[in-house]
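Peer 1:
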Amino acid sequence: MALQRSGAIQQMLTFKPVQNRYNFHLVTDALVEKIILEKASGEAVAKGVKVTIKGVEHTFQAGKEVIVAAGALNSTKILELSGIGDAKVLSSLGIDVYVENSNVGENFQDHTSSGMSFEVIDEIQTLDPLNRQESKAIVAAVSAYQTERTGPFAGAAISSFAYMPVPDFQTPKGKAELEHLLLTHNPVKESVTTEFARSVLSSADKSSAFYFVYAAHGNFGSNASSAKNITISHESGNFLTIACELGYTLSRGSVHIQSSSALDSPIIDPKYFSNPIDLDIHARFIRYIHNIAATGPMASILKPGGHISPSFAVFGTELEAAKYYVRRTMIFRVASAWHLCNVTFGRWWRFELKADRLWHQKHQGCRCKYDTFDSEKKSSVYCLCCS
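According to our numbering, the sequence shown is numbered sequentially starting from 3.
1) If you compare alpha carbons, which of Met300, Ser161, Leu265 and His258 is closest to Ser104?
2) For Lys138, is the classification buried or exposed, using 16 other Cβ atoms within 10 angstroms of its Cβ as the cut-off for buried?
3) Return the residue from the list Lys208, Leu185 and Leu321 that minimises the CA-CA distance to Gly172.
4) Should Thr30 be labelled buried (16 or more other beta-carbon atoms within 10 Å of its own) or exposed?
5) Between Ser119 and Ser161, what straight-line distance do the alpha-carbon atoms span, to the nearest angstrom?
6) If I follow the unbroken alpha helix (DSSP H) through Asp130, where does it start and stop?
7) Since Ile126 is in the alpha helix (DSSP H), which residue starts that stretch and which ends it?
8) Between Pro154 and the rest of its own chain, which residues show a CB-CB distance below 7 Å, the 5 nearest in sequence each way excluded?
9) Compare the C-alpha of Gln63 against each of Val47, Phe275 and Ala323 and name the closest.
10) If we count the other Cβ atoms within 10 Å of its Cβ and call it buried at 16 or more, is Tyr274 buried or exposed?
11) So, with DSSP's three-state summary, where would you put Gln172?
12) Grouping DSSP H, G and I as helix and E and B as strand, with all else coil, what is Ser204?
13) Going by DSSP, what residues sit across from Tyr216 in a beta bridge?
14) One question on the structure: do Asn308 and Glu121 come within less than 7 Å of each other, judged by their Cβ atoms?
15) By Cβ distance, which residues of its chain are closer than 7 Å to Ser261, with the 5 residues on each side in sequence left out?
16) What does Gly87 pair with, by DSSP beta-bridge criteria?
17) Please state the DSSP three-state secondary structure of Val144.
18) Please confirm if the region 238-251 is in contact with the region 294-306, defined as three or more CB-CB distances below 8 Å between the two stretches.
19) Alpha carbon to alpha carbon, how far is Asp271 from Val106? Give it in angstroms, no decimals.
20) State buried or exposed for Pro312, treating a residue as buried only when at least 16 other CB atoms are found within 10 Å of its CB.
21) In this structure, how does DSSP classify Phe287 when only helix, strand and coil are distinguished?
22) Rounded to a whole number of angstroms, what is the C-alpha to C-alpha distance between His284 and Leu28?
23) I'd like the list of long-range same chain contacts for Ala164, defined as Cβ closer than 7 Å, with 5 residues on each side in sequence excluded.
24) Which residue wins for smallest C-alpha separation from Asp280, given the options Ala206, Thr61, Asp170 and Thr114?
25) How long is the line joining the alpha carbons of Ser253 and Val202, rounded to whole angstroms?
26) Cα separation between Ala89 and Ile269?
27) Does the separation of the CB atoms of Val168 and Ser205 fall below 7 Å?
28) What residue range is occupied by the uninterrupted beta strand (DSSP E) comprising Gly255?
29) Verify whether the separation of the beta carbon atoms of Thr152 and Ala158 is less than 7 Å.
30) Going by DSSP, name the residue or residues bridged to Met166.
31) For Trp351 and Ile37, what's the separation of their Cα atoms in angstroms?
32) Taking C-alpha atoms, which residue in Ile310, Ile123 and Lys325 lies nearest to Phe287?
33) Rounded to whole angstroms, what's the CA-CA distance from Gly223 to Gly239? Just pull it up for me.
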């Protein structure tokens, strides 16, 4: 059976009925300079978008709406370049303020990541030879994929996930420690998200972080501030990595422009561990990795007395030592999970769920159901149940 990769981009660009519609125009390699705003009856109205294409400025007039969908980082950038945001930030850069809202660019949330690697027994094949660019391993992997669609290139790099509550907080002593943490480091600005995060931490069956495993050495002990260096291995052996990422963090950062030029990247400040609860929770999960590695059947594939990487990953059971480990790996790796989210655009737009009147009349038996999942939230999911 022939397999073919699919995805939203491929479907959009190859779906002929959409591609050939008279009102569909796709412009690529265009740099958005700003949204064109005009004041109408005291309210700012988006009239179009100013872009630069191959060095030439163009203005696209909006027929109905301007949709900002540039991701967690660049959406904020476009708003601020357009004059929507904190007046102090905009005025300092010489940008006229159309909509003053100090919330724009705030509430930035990222998810921290850390872990360690364990040397495996000789019988276990890992991806380390490929990471070390060993020619024999590369030739074999390419051949297996090209001839039979098998081998390491046909599989996923991450082999398993486990969503878990905080192990330490399931005892009376642990619950008391959690209560002390929450009372001591309660966020200054209370919100629905912080309330939700606290409820997850207090739960015995909801996950506040997840473990994942991949069959290769993880670069937790040297400079890996770029994505390509994360699995670079200077070790000669083969390894299994157990890593952990926080699902819900209480620390909040910001994303703001540094100039009035669209060519300049925004200043990103995640403020990792600015709320000490995040460091405490992450350290408890990281400390538990040694328990996972010592438990069968996983323990049977790890080399007895084998190397654990980085060398400072053996830190005992003290919580402060685990915190030091997490901080140190963060410094080396800038260990983001790249799940950037929650940048506040501010309440300057109308957010409504609209339905076509004719559609609504035809399907009066429909019910709208909101559902949630136990992993990190990517979006709100609605199920339409029609009778």
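The C-beta atom is built at its ideal place from N, Cα and C for all residues, glycine as well.
Fair warning: this is a prediction, and the values are worked out from it, not measured in the lab.
Peer 2: Reading off the structure:
1) In the sequence shown, residue 104 corresponds to position 102, counting from 1. Selection Met300, Ser161, Leu265 and His258 evaluated against Ser104 yields His258 as nearest (Cα-Cα).
2) Position 136 of the sequence shown, counted from the first residue, corresponds to residue 138. By the 10 Å Cβ count, Lys138 comes out exposed.
3) As a first step, residue 172 is located in the sequence shown; it is residue number 170 there, counting from the start. In the sequence as presented, Gly is not what sits at residue 172; that position holds Gln. Ranking the options by Cα distance to Gln172, first place goes to Lys208.
4) Reading the sequence shown from its first residue, position 28 is the one you call residue 30. Exposed is the call here.
5) Your numbering for residue 119 matches position 117 in the sequence shown. Your numbering for residue 161 matches position 159 in the sequence shown. In a straight line, the C-alpha of Ser119 is about 14 Å away from that of Ser161.
6) As a working mapping, residue 130 is identified with position 128 in the sequence shown. Counting along the chain, the unbroken alpha helix (DSSP H) around Asp130 starts and ends at Asp130 to Asn133.
7) For the purposes of this step, residue 126 is taken as residue 124 along the sequence shown, with counting starting at 1. Counting along the chain, Ile126 falls outside any alpha helix (DSSP H), and DSSP gives it neither H nor E.
8) The sequence position of residue 154 within the sequence shown is 152, counting from 1. Excluding five sequence positions before and after Pro154, the CB atoms of its chain that fall closer than 7 Å to its own CB belong to Leu129, Leu132 and Ala143, given in chain order.
9) On the sequence shown, residue 63 is found 61 positions in, with the first residue counted as 1. Minimum Cα distance to Gln63 is reached at Val47.
10) Along the sequence shown, one-based indexing puts residue 274 at 272. By the Cβ neighbour-count rule, Tyr274 is buried, with 16 or more other Cβ atoms within 10 Å of its own.
11) Along the sequence shown, read from residue 1 onward, the residue named residue 172 stands at position 170. Looking at Gln172 - three-state DSSP - the assignment turns out to be helix.
12) Residue numbering aside, residue 204 sits at position 202 when the sequence shown is read from its first letter. Correct three-state label for Ser204: helix.
13) Here the question's residue 216 lines up with position 214 in the sequence shown. Tyr216 has Ile160 and Thr243 as its beta-bridge partners, per DSSP.
14) As a first step, residue 308 is located in the sequence shown; it is residue number 306 there, counting from the start. As a first step, residue 121 is located in the sequence shown; it is residue number 119 there, counting from the start. The question names Asn, but residue 308 is Gly in the sequence shown. Yes, these two residues count as a Cβ contact at 7 Å.
15) Numbered from its first residue, the sequence shown carries residue 261 at position 259. Answer for Ser261: Leu95, listed in chain order.
16) Within the sequence shown, the letter at position 85 stands for residue 87. According to DSSP, which records beta bridges pairwise, Gly87 is partnered with Glu102.
17) As a first step, residue 144 must be located in the sequence shown, where it is residue number 142. In this structure, Val144 counts as helix in the three-state DSSP scheme.
18) Between the region 238-251 and the region 294-306 there are three or more inter-stretch CB-CB distances shorter than 8 Å, so the stretches are counted as touching.
19) For the purposes of this step, residue 106 is identified with residue 104 of the sequence shown, where counting begins at 1. For the purposes of this step, residue 271 is identified with residue 269 of the sequence shown, where counting begins at 1. Using only the alpha carbons, I get a separation of about 14 Å.
20) Looking up residue 312 in the sequence shown gives position 310. Under this definition Pro312 is a buried residue.
21) Within the sequence shown, numbered from 1, the residue matching residue 287 stands at position 285. Looking at Phe287 - three-state DSSP - the assignment turns out to be helix.
22) The residue you call residue 284 lines up with position 282 of the sequence shown. The residue you call residue 28 lines up with position 26 of the sequence shown. His284 and Leu28 have their alpha carbons spaced roughly 44 Å apart.
23) Position 162 of the sequence shown, counted from the first residue, corresponds to residue 164. Take Ala164, set aside five residues on each side of it, and the residues of its chain with a beta-carbon closer than 7 Å to its own are Phe212 and Tyr213, in chain order.
24) As a position in the sequence shown, residue 280 is number 278, starting the count at 1. Ranking the options by Cα distance to Asp280, first place goes to Thr114.
25) The residue you call residue 253 lines up with position 251 of the sequence shown. The residue you call residue 202 lines up with position 200 of the sequence shown. So the alpha carbons of these two residues sit roughly 15 Å apart.
26) Locating residue 89 in the sequence shown gives position 87, where the first residue counts as 1. Locating residue 269 in the sequence shown gives position 267, where the first residue counts as 1. Spanning the two alpha carbons is a distance of roughly 17 Å.
27) Start at 1 with the first residue of the sequence shown, and residue 168 comes out as number 166. Start at 1 with the first residue of the sequence shown, and residue 205 comes out as number 203. Contact annotation: Val168 and Ser205 have beta-carbon atoms that are not nearer than 7 Å.
28) For the purposes of this step, residue 255 is taken as residue 253 along the sequence shown, with counting starting at 1. Where Gly255 is concerned, the enclosing beta strand (DSSP E) starts and stops at Gly255 to His258.
29) Within the sequence shown, numbered from 1, the residue matching residue 152 stands at position 150. Within the sequence shown, numbered from 1, the residue matching residue 158 stands at position 156. No. Outside cutoff.
30) Translated into the one-based positions of the sequence shown, residue 166 becomes position 164. For Met166, the beta-bridge partners assigned by DSSP are Ala211.
31) In the sequence shown, counting from the first residue as 1, residue 351 sits at position 349. In the sequence shown, counting from the first residue as 1, residue 37 sits at position 35. Low per-residue confidence applies at Trp351: pLDDT is 45, beneath 50, and the placement is therefore not dependable, though the value from the model is reported in the following sentence. Trp351 and Ile37: Cα-Cα distance of roughly 14 Å.
32) On the sequence shown, residue 287 is found 285 positions in, with the first residue counted as 1. Measuring C-alpha to C-alpha distances from Phe287 to each of Ile310, Ile123 and Lys325 identifies Lys325 as the nearest.
33) The residue labelled residue 223 in the question sits at position 221 within the sequence shown. The residue labelled residue 239 in the question sits at position 237 within the sequence shown. Their backbone Cα atoms lie some 16 Å apart in a straight line.
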